[in-house]
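Participant:
Numbering (the numbering used here), first residue to last: 252 to 499.
#1: Should the region 420-437 be called in touch with the region 358-368, which here means at least 3 C-beta pairs below 8 Å?
#2: Between residue 491 and the rest of its own chain, which residues show a CB-CB distance below 8 Å, the 5 nearest in sequence each way excluded?
#3: Answer yes or no: do residue 316 and residue 301 have a C-beta to C-beta separation smaller than 8 Å?
#4: What are the uninterrupted segments assigned as beta strand (DSSP E) that are 3 or more residues long and contained completely in the region 302-374, given in chain order?
#5: Count the other CB atoms within 10 Å of the CB of residue 288; is the residue buried (16 or more) or exposed (fewer)?
#6: If I'm right that residue 331 touches residue 276 with Cβ under 8 Å, what's the distance once you round it to whole angstroms?
#7: Determine the direct distance from the alpha carbon of residue 438 to that of residue 401, and round the result to whole angstroms.
#8: Let me know if residue 295 comes out buried or exposed under the rule of 16 or more other beta-carbons within 10 Å of its beta-carbon.
#9: Just mark residue 252 as buried or exposed, buried being the case when its beta carbon has 16 or more other beta carbons within 10 Å.
#10: Is the region 451-459 touching the region 407-417 in the sense that three or more CB pairs, one from each, lie closer than 8 Å?
#11: Using CA atoms only, rank isn't needed, just tell me which of 269, 336, 286 is closest to residue 320.
#12: Could you pull out every residue in the same chain whose Cβ sits closer than 8 Å to the Cβ of residue 309, ignoring the five residues on either side in sequence?
#13: Going by C-alpha distance, which of 340, 262, 257, 464 is nearest residue 306?
#14: Look at the alpha carbon of residue 403 and the alpha carbon of residue 380, and state the distance between them as a whole number of angstroms.
#15: In the structure shown, what three-state DSSP assignment does residue 252 receive?
#16: Between residue 430 and residue 398, which are expected to be in contact by the criterion C-beta below 8 Å, what is the C-beta distance as a whole number of angstroms?
#17: Curious, which full-length alpha helix (DSSP H) runs of at least 4 residues does the region 400-478 contain?
#18: Give the range of the alpha helix (DSSP H) segment to which residue 386 is assigned.
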């Protein structure tokens with residue numbers, strides 16, 4: 252009976268960790284959450300090793316060890332907040348381990364992302380706002396809005412088709428550059444550079460860069476370096492896509 256409870260506690264901790272990593276949480280936050288959940292079940296001395304692509308969790312020298320692979324990563328702060336809420340309730344005994352596991356399974360199966368149309372509109376509006384922030388002329392706002400929205404649309408569709416993130420970002424940046432150049436060519440845009448910069452802003456890995464720095468500062472060098480490398484490759488893909496268009 253005790254072994255079954257320990258196994259359930261491990262499954263619960265791993266599921267919480269997986270949901271947080273897949274939703275864009277920092278490595279140290281994931282490890283801290285898993286440790287607190289384990290302690291709430293009387294499991295002292297647990298060890299965890301978290302990377303962007305996998306989680307290892309052990310009960311210690313005399314306990315079992317589990318490994319869980321991480322295949323997809325998105326930005327979903329609401330899901331992170333919900334997992335943290337379950338963790339707090341488990342620590343304060345508001346939930347049993349069985350109830351916590353069931354709640355985490357519901358969170359895992361729930362689609363908490365905003366509708367794609369709303370995401371598309373938000374990306375387009377954000378691009379127009381960034382142009383104003385970068386002190387661009389009002390004439391360029393429609394061009395930046397269209398370029399940013401289309402870039403977000405393309406990166407989402409290409410990623411769904413190919414599952415290759417960097418290729419999707421390269422193509423999307425190329426589309427943004429082409430639309431910006433076309434806008435200037437047709438005299439509906441004025442400053443090519445500002446339009447392009449504003450249009451690619453929805454593609455910039457801001458959260459990834461932030462998490463990379465925070466993980467490095469917290470001493471998680473493997474996760475920090477890997478996230479930094481991913482952000483660097485993303486930036487390179489965006490820059491290469493824009494450069495390809497401008498070279499013609």
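From the three backbone atoms N, C-alpha and C, an ideal C-beta is built for every residue, glycine too.
Facilitator: This is what the structure holds:
#1: no
#2: 421, 424
#3: no
#4: 305-309, 316-320
#5: buried
#6: 5 Å
#7: 19 Å
#8: exposed
#9: A caution first: residue 252 carries a pLDDT of 48, below 50, which makes its placement in the model unreliable, though a value can still be read off. Residue 252 is exposed by the Cβ-count criterion.
#10: no
#11: 269
#12: 297, 298, 299, 315, 316, 317
#13: 262
#14: 15 Å
#15: Because the pLDDT of residue 252 is 48, which lies under 50, any placement of that residue in the model is unreliable, and the question is left without a value.
#16: 4 Å
#17: 416-436, 443-451, 457-468
#18: Taken as a continuous stretch (DSSP letters only), residue 386 belongs to no alpha helix (DSSP H), as it is neither H nor E.
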